[in-house]
Amino acid sequence: MRMPDPDLAVLGRRAEIAAALGRIVPGEGVIAEVDELKAYESDGLTAYRQLPMIAVLPETTDQVSQILKYCQENGVKVVPRGAGTSLSGGALPLADGILLAMGKFNRILEVDLDNRCAVVQPGVTNLGVTKAVEHAGFYYAPDPSSQIACTIGGNVAENSGGVHCLKYGLTTNNLLGLEAVLIDGTVLRIGGKHLDSEAYDMLGLLTGSEGLLAVVTEVTVRLLKKPETARALLFGFPTSEQAGDCVAAIIGAGIIPGGMEMMDKPAIHAAEAFVNAGYPLDVEALLIVELDGPHVEVDYLVAQITEIATANGVLTSRVSTNEEERLNFWAGRKAAFPAVGRISPDYYCMDGTIPRHKLPLVLRRMREMSEKYALRVANVFHAGDGNLHPLILYDANEPGELERAEDFGSDILKLCVEVGGVLTGEHGVGVEKRDLMGTMFTEADLNQQQRVKCAFDPASLLNPGKMFPELHRCAELGRMHIHGGKMPFPDLPRF
Amino acid sequence: MATLKPETPEQVVEAVTWAVAEETPLEVIGRGSKRTLGRPAQVGNGLDLSSLSGITLYEPEELVISARAGTPMAEIEAALTAKNQMLAFEPSDLGPLLGGAPGMGSIGGALACNLAGPRRIKAGAARDHFLGAHSVSGRGEVFKTGGRVVKNVTGYDLCKLLAGSYGTLGAMTDVTVKALPAPEKTRTVLLFGLDDAAASRAMTRAMQSAHEVSGAAHLPAGLTTGSAVSYVAKAGGAVTAIRVEGPGPSVEHRAAALRRELADLAETEELHSMNSAKLWAELRDVGPLAAEPAHLVWKISVPPASGAGVAARIAHGHDARYFFDWGGGLIWLALPASDAPAFEGRHAAVRAALKDCGGHATLIRAPEDLRAQVPVFQPQDPGNAALTKRVKDSFDPRRVLNPGRMYAGV
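Heads up: the sequence lines are chains A and B, in that order.
Position 484 of the first sequence, counted from 1, bears residue number 484 in the working numbering, the numbering being contiguous throughout.
Position 83 of the second sequence, counted from 1, bears residue number 83 in the working numbering, the numbering being contiguous throughout.
Printed below as a string of C-alpha cells:
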C-alpha cells in the first residue's frame, strides 16, 4: 500500500513545528521522541506501521482549533486518532504528519434522561457511555465488538455498527449532535438535543467520513431504555444454504431480531476449542438469534422462530433459559477473532456486505479462492444484514503469505461488489480498501466525493492517503467544461 | 418558462448540461406536491422528474426497494403493503396541508425533503432509511452514492446530504430505501384532559420506559374535534396519545403496562389497530392544522422536554394553535395570516423561542410573498452558512439546481 510521498520541506521543519505545537498545548501534550511515538505507529490493522512525525494530545476544543489552523497555515498533514482500534488503517500515521490523539477528551459532560441523550467528549469509550447511564436503566445501542476500548469519536469517524445494528441502527442512526473543528480552525456546532438537521445533514455526512473532513470534539448520543429481557437461540444447520434460508424466512415472517449471527464450520470449531461454549461440531453453519423486549414478546417470538428453524431443516436447536446460558451462546461468537488467532499465527479480518441471498454463492467462491491461495478462511457473518467477516488465516513469517492473504482479501471484496454488495459494512475504507474503491465507484462518483472533501479541506491535509485511491487537486476537480447550448430533447412535451 | 420532462437519466444529464450552458436555473420537482415548501426560487425553467417512474427492484427478504425517483409514493406503499412491509419512517403526506390533493408525492420528493412521521422517535427519518442513489449533479454529471444493502460505510454517505437538500445538490434519478416489516398489531393509549406541561411529563415518562413507544403526541383542547376517531373527537378536551406496535401479545402487554404507569396522570382509553392507524395518519399529515388554509404553519424541532415551553413562549401574545409530536420534540404550529409587519413580529417570536434550547423552525406553509420576506429555514451561524455554500459549490457550482430554495445563494 503506497502512501503519499512525505513532504521533505515539512520534515525538515520538524523541531520548529513541535515547538509551535508545544506553545498551543503546553506541558506534556506534544510527543516527539521516537520511543514514545512507537505507541502510535499502527492501529487495529497491524500489518501497516508508520511512525508519525509528532504526536499531539490536546485537551480543549480551542487547542484543537489552534492546532488545525496552524497545520493549515503551515501545510502540515493531520491524522486524528481515538483509541486506535480501526481495522482499516484509518488512524495509520503519516511520516510527515502530526498525529492528533484525542484520548484526553475523556469526560462525560451531561446525561439528560428527560431528553434521552448524553453529551460526551470523543475520547470516552463506547462502553463508557453505557456505564454512565446504566444505573438508570439506559444504554447506548451501537455495540462494536471493540466497545471496551474504542471511543465514541472513532465510532463517529467510522460509523461503527455492532451485532445489534440490524434492529437498533449504526452510529449514524444514534447521534443527535456534534461539535467539530474544520482544518481552518472553525468550530462548528451541528444539531443538538433535537431531531434532524436545519440545513444539509452535516451530522450524517461527518459520520463515517473517516477523519477526512473534520475533527470531532463533542458528541451528543441518543440513549435507549434497556429491554426488559433478552434470550438467545442457537441453531445448527447441515448446510449454510439452509441457515441462510432460515434467516430469510425469519425476516420474511416480519421479525427483526436484536441480533442474528452466523458462523461457518471452521469458525465454529475454532471458537468451540477456545471457549467450550457447547457449540455442535457436526454442523456446517451455526446461527445465533437474539430476541429482546418484554418477556411475553420474547417468548412469543422464540416459539415462532423455533418453528421456522425446524421447517428449514435445523439439526440442533437450543434456547437460553437464563442469562448465563444466553451469554454462553454468545461467548464463542464474541471470541471468534481471538479463537481464530489461536489456530493461526496471523489472521486478516475482512468486512464486505452482500445481498443476503447471495451467501451460498459467495461461500462457494470463497472456498475456491481458499484453495487457489492455499490459505484457510473462517467466516463469521452478521446474517441479518449481509455483513460478512471472513477471517483469512496466514503466517506473516512465511515469505509471501501476507501478500497472498491481501490478494485473497481483495478478491473477496471484489466478489462482494460483483454480487451487488459493497466493500465495507462497518470497518471503513481507510488505507486497506482504498485501492479497491474503483471496483464500486466510477471516476465521476469518486470525483464528486472528493469535491465534498474540498469543501471541508481544500489543501487535503486531514488524513490524506485514506479512502481515495487517487488524490486530485481541488482546483482541478472544480474545473467545469461547459457544453454548448441546444435546448435538450425538443420533441418532449413541455408545459 | 418551459418545463423539461426527461424520461431517462441521460435526458436529465442533457437538461442540466443545457441549463449550465444557458445559465438558466432549473426548478427540480418530482411530482410537485411540495412545490410551495421553501423560499420562492428565481428559476427560469422546470425539470420535472415524474416520468422517471417505476419500481426497479423489490426484495422483501433483503429489506430493500429501489425505484426511479419520480415514482409515486402511493405505488411504493402499495407494493410494500402487499408484502406486509412499510417505509418505517412513516413519511408525511404534506399535499393536503399545502393545499393539494392527498397521495400525490413521489419517493424522490419524500427523500429530498427528509420527511418523517410520528415514528421518527423510534425508527428515524427518511435519512436513516436512504441506502443509495443515482443523481445528476449541477455539473451535469451522474454520480452514485451508497448501495442496495442495508449495511454500508463505503465512502462518504452522500445520501445523508441528498436527504433534506430540497433538490439543491442533485436531481435524483434512482433511489434505494430500506423496507421494514409492518407491525402485526398497533395499540394507542389515550390520556384525557392534560395541559401541555403535564402532557410533556406523560410523554417523557412513556419515552423513558422500556415499552418501545413508536409515537407520542399531544393535541391540546380545540384541536381534537376534527378527528375521524370518535374517542378523540368527542374527548371534550386535550388528548395525549402514546403508540406501541409489534407482535400481538407484546403490544397488549405494553399498552396495559403504559395505562397502569400513566394512570396517576389522567383517565386513559385504548385504541386498537384500525383507529390507531386513522389517528396517527391524521397526526402524520398535520391534519389538525390543515383545516384552516389561511393559517401559516411552522414545523419546529426542539429537545423533547422543551417543547411545551417553546410553544407557550410563541403562543404568548400571538393567537397560535399547535400540537406536539415526537414526544414533545416536534411542534406543528399555526399562526393566523396577517399583514407583513405583524408577520415579521411573529416570525421573530418563533426564532426567539428557540434561542435557549436549540432546534430549528421551518415555515412550511405561507403565501409566496411572506416566504420571500423572512428565512423559511432556520438561519445558520456564519461558520455553518459558509460551509453550506461550499458544499453547494461542490455539487452545483453554477447554481442551476433549485437555487435559493433553502438559503439565498445556495
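Yeah, the Cβ is synthetic: ideal placement off N, Cα and C, and Gly gets one too.
| Query | Result |
| --- | --- |
| H164/A touches chain B at which residues, Cβ-Cβ below 9 angstroms? | Here the premise fails: no neighbours, minimum Cβ distance about 12 angstroms. |
| Rounded to whole angstroms, what is the Cα-Cα separation between P458/A and A39/A? | 30 angstroms |
| Pull out every residue of the stretch 300 to 330 of chain B whose Cβ sits closer than 7 angstroms to any Cβ of chain A, in chain order. | S301, V302, P303, P304, A305, W326 and G329 |
| Which one of Y347/A, L195/A and L203/A has the shortest CA to CA distance from L188/A? | L203/A |
| Just to make sure I have the definition right: I need the residues of chain B whose C-beta is within less than 9 angstroms of the C-beta of K225/A. Which are they? | M207, Q208, S209, A210, H211 and E212 |
| Starting from the beta carbon of R209/A, find every residue of chain B whose beta carbon is closer than 7 angstroms, and list them in chain order. | Note that residue 209/A corresponds to Ser in the displayed sequence, not to Arg. Result: Y156. |
| So is A294/B buried or exposed if we call it buried at 16+ other beta carbons inside 10 Å? | exposed |
| Is the stretch 105 to 123 of chain A in contact with the stretch 302 to 313 of chain B, if contact means three or more CB pairs nearer than 8 angstroms? | yes |
| Specify the secondary structure class of L315/A as computed by DSSP and reduced to three states. | coil |
| Answer with buried or exposed for Q42/B, where buried requires no fewer than 16 other C-beta atoms within 10 angstroms of its C-beta. | exposed |
| Which of the three DSSP states, helix, strand or coil, is assigned to R494/A? | Any reading at R494/A needs caution, since the residue's pLDDT is 45, under 50, leaving its predicted position unreliable; the model's value is listed next. Coil. |
| Taking a contact to mean a Cβ-Cβ separation below 8 angstroms, would you say N174/A touches A141/A in this structure? | yes |
| Where does the unbroken alpha helix (DSSP H) through D245/A begin, and where does it stop? | S240 to G252 |
| Under three-state DSSP, which class holds A342/B? | helix |
| Name the chain A residues whose beta carbon is nearer than 9 angstroms to that of A116/B? | L195 and D196 |
| Is there contact here, the stretch 22 to 34 of chain A with the stretch 143 to 162 of chain A, by at least three beta-carbon pairs under 8 angstroms? | no |
| Could you tell me which residues DSSP puts in a beta bridge with L190/B? | A241/B and E269/B |
| Which runs of the beta strand (DSSP E) at least 3 residues long sit entirely within the stretch 167 to 242 of chain A? Give them in chain order. | 175 to 181, 187 to 191, 215 to 222 and 229 to 237 |
| Indicate whether the contact test is met: 3 or more Cβ pairs, each with one atom in the stretch 161 to 177 of chain A and one in the stretch 68 to 83 of chain B, closer than 8 angstroms. | no |
| Using a Cβ-Cβ cut-off of 6 angstroms (strictly less than) and excluding sequence neighbours within five positions of I354/A, which residues of its own chain qualify? | V362, G386, C416, V419 and G421 |
| If you measure beta-carbon to beta-carbon, which residues of the stretch 79 to 98 of chain A are closer than 7 angstroms to chain B? | none |
| Does any CB atom of chain B fall closer than 8 angstroms to the CB of Y300/A? | yes |
| According to the Cβ coordinates, are F235/A and A309/A closer than 8 angstroms? | yes |
| In chain order, what residues of the same chain lie with their CB nearer than 8 angstroms to the CB of A79/B, ignoring the 5 residues before and after it? | I55, Y58 and I65 |
| For a minimum of 4 consecutive residues, which ranges assigned as the alpha helix (DSSP H) are wholly contained in the stretch 62 to 89 of chain B? | 73 to 82 |
| Just to confirm my understanding: we take F495/A, look at its own chain, exclude 5 residues before and 5 after, and list those with CB closer than 7 angstroms. What are they? | Its pLDDT being 43, under 50, F495/A is placed unreliably in this model, and the coordinates cannot settle the point. |
| Hey, A233/B and T240/B: beta-carbon distance below 8 angstroms or not? | no |
| Under 8 angstroms by Cβ, that's how I've got T217/A and A180/A pegged, so tell me the actual separation to the nearest angstrom. | 7 angstroms |
| Using a Cβ-Cβ distance cut-off of 8 angstroms, determine whether P294/A contacts chain B. | yes |
| Quick one: Cα of L472/A to Cα of P102/B, how far? | The residue you asked about is not Leu; residue 472/A is His in the sequence shown. So the alpha carbons of these two residues sit roughly 47 angstroms apart. |
| With a threshold of 8 angstroms between beta-carbons, can V136/B be considered close to chain A, or not? | no |
| List, in chain order, every chain B residue whose beta-carbon is nearer than 8 angstroms to that of I482/A. | V20 and A21 |
| Would you kindly work out how many angstroms separate the C-alpha atoms of P118/B and I268/A, rounded to a whole number? | 43 angstroms |
| So with CB distances below 8 angstroms, who are the chain A contacts of M406/B? | A199 |
| Measure the C-alpha to C-alpha separation of P6/A and G97/A and round it to an integer number of angstroms. | 8 angstroms |
| Would you say S148/B faces chain A, with C-beta separation under 8 angstroms as the test? | According to the sequence shown, residue 148/B is Arg rather than Ser. Answer yes: the Cβ-Cβ gap between R148/B and chain A drops below 8 angstroms somewhere. |
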